[in-house]
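A.B. asks: One structure is given below, represented as structure tokens, and several questions about it will come after.
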Amino acid sequence: MIRGRKAWATAIAVLTVAGVAPTGAYAAPVPPDARTAAATQDIRTATASPEAGDALPPGWRIAADNGQNHLEWRAPEPVPMGDARVEFRADGELVGIPEPQDDGRTFRLPMDAVRTADLDELQVQAAGRRLDEAPGKGASRKAKKPAPKLPPKLPAGTVDPGKPGKYATTTGEYSLPSVKLPGFPAPVEMRGVVVAPKKAPGKRPVALFLHGRHATCYVPGKKEEVSGDWPCAKGYKVIPSHRGYLRDQKLLASQGYVTVSISANGINGQDWDAEDGGAQARSSLIRTHLGRWADWAAKPASAPAAVKGPKTDLSRVLLVGHSRGGEGVNRAVMDSLYKPPAAQDGYRSKARWKIRGTVHIGPTIFGQNPVPDVPSLTILPGCDGDVSDLQGQVYTDGTRGVSRGKALHSSVYMVGANHNYFNSEWTPGQAKAPADDDFWHDPEARDPLCSPGAAGRLSANQQHKAGATYIAAAARLFVGGDDRVRQLLDGTGRRAPSADPARVLTHAVGGNRNAGFLPDDPQGPLKVSGAKLCDAVAPGRSACLGRNVNGSSPHFAQWRPEHEAGRRAIALDWKKPGTIARVTPKKPVSVKGAKSIALRIAVPPNTSGTRFDVSVKDAKGKRAKLGSVRVDGLPGTDRTSSYWAQEVRVPLTAATRAKLNLGKIASLELTPKSRSGKAWLMDAWSWKPGTPVAKAAPLARVDIGRLTVKEGDSGVRTYQVPVRTTGKNAGAVRLYVVDPDTGKSTGRLVKVGPGTAGIKVKVKVEGNKRYGWDKPHDILVKAVRSTVIGADAGGVTAENDDPMPTVTVKPVAADVTEGAPLTWRISLSERADIEIWALAQLIPVTGGRPELSTADVDQEWLSMLVDEIPKPAIPLSKVEYGTLWNTIPAGKVSTTLTIPTIRDRVKEPTEYVSFQVTDDEGEPLGPPLEGTVRDAS
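Its first residue numbered 682, the sequence shown is counted upward by one per residue in the numbering used here.
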């Protein structure tokens, strides 16, 4: 029978009978029917030794396509094409990235791409959100929850970047010949919509926008007719996602910026299988456009009409990316500073521009590889239903300790914003193509914060206006150098009135934050008392947030390994006030010249009044209480990622007055004043006003490649994982080696660059003549110090090069007296390294002959084929779940198909049972097989 463990997780193959090859190949997914109900819905199986709970979950099956078997999940409704990567997971571990099918509901993963041998608790996830489970599932659906309290309205800042500037604007569009990008069969379009200021003097700064991953094509007037194809099929039109930021562009253009928003449908339609989710391709596309703009700046007469406006200053560039576009602009910055591998890059020329900063809107960051030395602003939408884990927080957190730390990295948490409404072409009522609210709303279980009409939910126009305001704020600070804007972005607690009524909270790292208290201090581990160091991502008790917590934290968004070392926070859990949590770095830190200590502290959502006294001690033990802080939880529900750290500051005045040695602060203390509670300290820094100039350091760059080899027929061959390291300076990364059999990873710190041993991982591939799946030997890397990571994953894949064995079915006891089992022997032509499965579908007996009924077989065996034992009895071919699944274990050559009959005292004629070995679509493989049962009375 199908087991939820290694029995079916290792492999499932629907095989040939007597040498007949499977004929089923999908032209398009079809709805389940009576023949395939067992494989497509609530799978019931009958074997000699049934085990409860071993069925595939609803919606899952094993499907065949062109002779290859797939693990398939089919959603009850279409899953909108989005930016979060759809993943198959089991026991929290990544099984693989499935391919979406044309119907928008079906996702398939080749069985040879399964990355773990254990598939207990099989799930479909996207950014940590379950796709195979209804929102609000369980008791929470019955209770109406109160609306969470919104944060108070902050004081206004001294400037408001959301106000239009003095220039009128003009709009045009250009379309150039498409370009070929590595790894993508179809060329990618070169199209951009330009909004520029009129009569603006001198050279103007440039802002380039890149949209995210969305459906690419639609049929006008037909809501359901959308696709992710590229190029679009006949009768379909291209969805103009790049025109969704015109309001943002017009605001910036009125302030003097030349703006261009580029189209990336050609990448969206082809990136599902890219190991990096298409980040390198998007970088290539961005830099190809910038290269053309550099050409046009040098030779204005060659520019398209839409570009023939103000002169451009490509030494002042802002990149804005939405969703996967955010990861694309991050990679474009990296590739502009640190050259990528030529074989992976679609732009080979030098960078003739300078990127001053980036904006990421609800972004992905699959590689968790932010560029540390270029300023960034990341908008985290509180009601994001696509990238719902808000993994973009890593653009801030992931830069700590990696480089010089002078670039400001700001996180902007926007309460009530969803993912799509920052782009008007993804917004219902504004888009040309069909569009939806991405927050997964269930009318029977309304979310009190994020469902449409909830008090905290922003309208589409409110959200778009708030987004435009903060994009303009980033431009004004990063490109324009106006330090007055910083207070809107860095946790100072000021708001931009143009973003009203949105409630927006911010915090930051970098800038004028210097020596601090980091859970993962590059100088060595901290000592913590009265609290504990916790792991951002871990399967056990060391995790900062356990599995039973409602909601999640952007700070703890999962990368690839199931357990990450070197990514921690400090967890406080107190039962009474006055329980001091003390943090002591390996060496005393200097806070000389600083004005305050800035702390980033998260508390549970919807809590209020959590208070701490903050104190420091110097190296001689002299102590000073700096002040008290209060942190109220963000509004949140079980569907939001609201465990987010807020920035609070305490002045160093008291330490100066008490004559502490500010050059040697030995420890930081937090003393809870609340009766009880929980909190997580992400970090604490010495802070002073101002925005320093950020210069990119000459960091080492690491890219992991992938080598694909044939396993061979015999012997053991050793291969080395391809790794490319460039740069003149050494650095350090954390390397994870993934066990191909268990999916578990082992991590270690590795020095890379000149004068180091670098990353050297050797893989042994054993050849044989047995059929099996391809075997990936994966490694993963993440920057720790003085490095940037391009391709974060790769390895050696050993391809199976042996033919799949054939199956023969021969009767052992196909003519029996009632009470004896009917038995057939299912045999393989040769042993395999994986379990092999054969399906047999019960079918009606021909010729009007009597058929074996449900009363004639063992009732425990029958219970695997029916929900309730039928009364009166019915023919076996009419049972609800009439598929018999049989497995031949790995390394074995045969198994037995058994139908256990029972002896009764009723005089009956001879009865028959018939079954057909089939492929997964119910198509016959060979002739039907028949058993005869004679009366014993």
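Each residue gets a CB set at the ideal place from its N, CA and C atoms; glycine is no exception.
Is the Cβ-Cβ distance between F890 and S942 less than 8 angstroms?
C.D. replies: In contact: F890 and S942 (Cβ atoms closer than 8 angstroms).
A.B. asks: Look at the alpha carbon of A706 and the alpha carbon of H751, and state the distance between them as a whole number of angstroms.
C.D. replies: Note that A706 has pLDDT 20, beneath the 50 cutoff, so the model's placement of it is unreliable and the number below is only indicative. Using only the alpha carbons, I get a separation of about 12 angstroms.
A.B. asks: Can you say whether P1421 is buried or exposed, counting buried as having 16 or more other CB atoms within 10 angstroms of its CB?
C.D. replies: Buried, since its Cβ has 16 or more Cβ neighbours within 10 Å.
A.B. asks: Use the C-beta contact count for V1442: other C-beta atoms within 10 angstroms, 16 or more gives buried, fewer gives exposed.
C.D. replies: V1442 should be labelled buried.
A.B. asks: List the endpoints of the continuous alpha helix (DSSP H) containing A1155.
C.D. replies: 1141–1155
A.B. asks: Please classify P981: is it buried, with 16 or more other beta-carbons within 10 angstroms of its beta-carbon, or exposed?
C.D. replies: So P981 counts as exposed.
A.B. asks: Could you give the distance in angstroms between the alpha-carbon of A719 and the alpha-carbon of R766?
C.D. replies: Note that A719 has pLDDT 30, beneath the 50 cutoff, so the model's placement of it is unreliable and the number below is only indicative. One C-alpha to the other measures close to 29 angstroms.
A.B. asks: Taking the alpha-carbon positions, what's the T1468 to P1129 distance?
C.D. replies: 43 angstroms
A.B. asks: Cutting at 6 angstroms between CB atoms, please list the residues of its own chain near S908, excluding the five before and the five after it.
C.D. replies: C898
A.B. asks: In chain order, what residues of the same chain have a beta carbon less than 6 angstroms from the beta carbon of N1231, not counting five sequence neighbours either side?
C.D. replies: D1319
A.B. asks: Since S1510 is in the beta strand (DSSP E), which residue starts that stretch and which ends it?
C.D. replies: S1510 -> no beta strand (DSSP E), and no H or E assigned at all.
A.B. asks: For the putative contact between P1056 and H1100, defined by C-beta atoms under 8 angstroms, what is the C-beta separation to the nearest angstrom?
C.D. replies: That belief does not hold up - the Cβ atoms of P1056 and H1100 are roughly 24 angstroms apart, past 8 angstroms.
A.B. asks: Please say whether I1251 and V1264 have beta carbons closer to each other than 8 angstroms?
C.D. replies: yes
A.B. asks: Just mark E758 as buried or exposed, buried being the case when its beta carbon has 16 or more other beta carbons within 10 Å.
C.D. replies: That one is exposed.
A.B. asks: Do P1266 and D1202 have their C-beta atoms within less than 8 angstroms of each other?
C.D. replies: yes
A.B. asks: Just tell me which of Y926, G902, D929, G925 has its CA closest to the CA of G916.
C.D. replies: G902
A.B. asks: Ignoring anything shorter than 4 residues or poking outside the stretch 1062–1147, list the alpha helix (DSSP H) runs there in chain order.
C.D. replies: 1075–1078
A.B. asks: May I have the straight-line CA-CA distance separating L1416 from I1460, to the nearest angstrom?
C.D. replies: 7 angstroms
A.B. asks: Under 8 angstroms Cβ to Cβ from V1209, same chain only, skipping five residues before and after it: list those, please.
C.D. replies: I1251, A1262, R1263, V1264, T1265
A.B. asks: Answer yes or no: do I1517 and V1490 have a C-beta to C-beta separation smaller than 8 angstroms?
C.D. replies: no
A.B. asks: Near G1274, what residues of its chain come up, given a Cβ to Cβ distance below 7 angstroms and the 5 sequence neighbours on each side ignored?
C.D. replies: K1369
A.B. asks: What span of residues does the alpha helix (DSSP H) with L971 cover, start to end?
C.D. replies: Per DSSP, the continuous alpha helix (DSSP H) segment holding L971 begins and ends at 960–979.
A.B. asks: Please report how far the alpha carbon of W1034 lies from the alpha carbon of G1048, in whole angstroms.
C.D. replies: 25 angstroms
A.B. asks: What does D871 pair with, by DSSP beta-bridge criteria?
C.D. replies: The residue asked about is misnamed: residue 871 is Met in this sequence, not Asp. According to DSSP, M871 bridges with L857.
A.B. asks: Report yes or no: do the stretch 1057–1068 and the stretch 1221–1230 share at least 3 C-beta pairs separated by less than 8 angstroms?
C.D. replies: no
A.B. asks: Check whether the stretch 1291–1302 and the stretch 1232–1247 are in contact - that is, three or more C-beta pairs closer than 8 angstroms.
C.D. replies: Judged by Cβ distances under 8 angstroms, the stretch 1291–1302 makes no contact with the stretch 1232–1247, as fewer than three pairs qualify.
A.B. asks: Taking only runs that begin and end inside the stretch 970–1036, name each unbroken beta strand (DSSP E) of 3 or more residues, in chain order.
C.D. replies: 993–1003
A.B. asks: Starting from W1518, trace the beta strand (DSSP E) in both directions and tell me its first and last residue.
C.D. replies: Unbroken beta strand (DSSP E) run through W1518: 1517–1524.
A.B. asks: Tell me the DSSP bridge mates of T1372?
C.D. replies: In the DSSP assignment, T1372 is bridged to no other residue.
A.B. asks: So with Cβ pairs under 8 angstroms, would you call L1071 a contact of chain D?
C.D. replies: The chain inventory of the structure shown lacks chain D, comprising one protein chain alone.
A.B. asks: In angstroms with no decimal places, state the Cα-to-Cα distance between A1155 and L835.
C.D. replies: 19 angstroms
A.B. asks: Taking three-plus beta-carbon pairs below 8 angstroms as touching, is the stretch 984–1002 in contact with the stretch 1352–1363?
C.D. replies: no
A.B. asks: Is it buried or exposed, D1067, if we count other Cβ atoms within 10 angstroms and call 16 or more buried?
C.D. replies: buried
A.B. asks: Put T1423 into one of helix, strand or coil per three-state DSSP.
C.D. replies: Residue state, collapsed to three classes: coil.
A.B. asks: If we count the other Cβ atoms within 10 Å of its Cβ and call it buried at 16 or more, is S856 buried or exposed?
C.D. replies: exposed
A.B. asks: Which first and last residues belong to the beta strand (DSSP E) in which R1615 is found?
C.D. replies: 1610–1615
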